[in-house]
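J.: First the structure, then my questions, so here it is.
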Amino acid sequence: MKTVTYTVPNIHCKHCTHTITMELSDIEGVSNVDADAQTRLVTVTFDQPATEEQLKQTLTEINYPATD
Numbered sequence: 050m051k052t053v054t055y056t057v058p059n060i061h062c063k064h065c066t067h068t069i070t071m072e073l074s075d076i077e078g079v080s081n082v083d084a085d086a087q088t089r090l091v092t093v094t095f096d097q098p099a100t101e102e103q104l105k106q107t108l109t110e111i112n113y114p115a116t117d
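Structure follows, in structure tokens:
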């Protein structure tokens, strides 16, 4: 298992966090997603076949790109 945390500046509300959580949770290998509107952080715990590149790409595709 691996856990990563990304800063996502355009998280503004619970709708944003819900969308991020649902989309990232759909990726095979992702076991936990925690998106926080106050800190604008997204923490993801995952295992293969999920990859960091895939997580970042998904965030970009749903208009919540990570800055780090």
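For what it's worth, our numbering labels the leading residue of the sequence shown as 50, then goes sequentially.
For every residue, glycine included, the Cβ atom is placed at its ideal position computed from N, Cα and C.
If you're wondering where the values come from, they're calculated on a predicted model, not measured in any experiment.
State the start and end residues of the unbroken beta strand (DSSP E) segment that holds Thr56.
T.: Per DSSP, Thr56 belongs to the beta strand (DSSP E) from 51-56.
J.: Would you decide whether Cys65 is buried or exposed? Buried here means 16 or more other CB atoms lie within 10 Å of its CB.
T.: That one is buried.
J.: Of all the beta strand (DSSP E) runs that stay within the bounds of the stretch 73-102, which reach a length of 3 or more residues?
T.: Runs of the beta strand (DSSP E) inside the stretch 73-102: 79-85, 90-95.
J.: Put Cys65 into one of helix, strand or coil per three-state DSSP.
T.: Helix at Cys65.
J.: If I measure Cβ to Cβ from Asp96 and keep anything under 8 Å in the same chain, skipping five residues before and after, which residues do I get?
T.: These residues qualify, in order along the chain: Met50, Lys51, Gly78, Ser80.
J.: When DSSP labels each residue in this structure, what does Thr109 get in the three-state scheme?
T.: Thr109 falls in the helix class under three-state DSSP.
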